[in-house]
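Engineer: Residues -7 to 110 in this note's numbering are what the sequence shown spells out, letter by letter. Here a beta-carbon is modelled for each residue, glycine too, at the ideal position from N, C-alpha and C. Note that the structure is predicted; figures quoted are calculated from it, not measured.
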Amino acid sequence: MDSELSAKKVLRRRSANADRIARAHFWFQAFGNENINKPTTFRWFSRFKNGMESVKDEKRVGHPILHRNSEKVSQISNLIKENPRIGLRDIEEETGISKSLVGSIIKEDLQLKKTPSK
């Protein structure tokens, strides 16, 4: 009886190992040498199980990415030239640019040592 149970265990382990080897071979064919971690594979599995067909992330709602361009820099520069005592909140209200981006533009792009009064 013990030998039958141990034989079944050995067969199960060999079967499980064969499955692992087959999965590893599949992943290598699909992704090459790129390392894909367990959380990513679990997330992809649940997405595919729920009907998703792509591994790319969907667009998210939330805080927008800060985009800096020459138009925004010149807009802020003109406001500061018109009124050197203008505050960050006032610039934010007039331009629609977030206060944090306004501050970084003033320090990094315009290279002003002090930000306008808050």
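Which value, in whole angstroms, describes the spacing of the CA atoms of A14 and T33?
Structural biologist: Along the sequence shown, read from residue 1 onward, the residue named residue 14 stands at position 22. Along the sequence shown, read from residue 1 onward, the residue named residue 33 stands at position 41. One C-alpha to the other measures close to 16 Å.
Engineer: Excluding the 5 residues preceding and the 5 following M(-7) in the sequence, name in chain order all residues of the same chain whose CB lies nearer than 6 Å to its CB.
Structural biologist: Residue numbering aside, residue -7 sits at position 1 when the sequence shown is read from its first letter. For M(-7), the predicted model reports a pLDDT of 48, less than 50, meaning its position is unreliable and no value from the coordinates is stated.
Engineer: Does the Cβ of V53 have 16 or more other Cβ atoms within 10 Å, making it buried, or fewer, making it exposed?
Structural biologist: Here the question's residue 53 lines up with position 61 in the sequence shown. Exposed, because fewer than 16 other Cβ atoms sit within 10 Å of the Cβ of V53.
Engineer: Please report how far the alpha carbon of K91 lies from the alpha carbon of S38, in whole angstroms.
Structural biologist: The residue you call residue 91 lines up with position 99 of the sequence shown. The residue you call residue 38 lines up with position 46 of the sequence shown. Cα to Cα, K91 sits roughly 39 Å from S38.
Engineer: Ends of the alpha helix (DSSP H) at K64?
Structural biologist: To locate residue 64, count along the sequence shown from 1; it is residue 72. From DSSP, the alpha helix (DSSP H) with K64 extends over 62 to 74.
Engineer: Look at the Cβ atom of V94, then the Cβ atom of I83, and state whether they are nearer than 8 Å.
Structural biologist: Stepping through the sequence shown from its first residue, residue 94 is reached at position 102. Stepping through the sequence shown from its first residue, residue 83 is reached at position 91. Against a cut-off of 8 Å, the Cβ pair of I83 and V94 comes out as a contact.
Engineer: Using a Cβ-Cβ distance under 8 Å, would F40 count as near chain D?
Structural biologist: Absent from the structure is chain D; it holds one protein chain and no more.
Engineer: Looking at C-alpha atoms only, which residue of L71, P76, S96, I98 is the closest neighbour of E85?
Structural biologist: Residue mapping note: residue 85 aligns to position 93 of the sequence shown, counting from 1. Checked all of L71, P76, S96, I98; the closest Cα to E85 is L71.
Engineer: Between S69 and the rest of its own chain, which residues show a CB-CB distance below 7 Å, the 5 nearest in sequence each way excluded?
Structural biologist: Position 77 of the sequence shown, counting from 1, holds the residue named residue 69. Here the set comprises L102.
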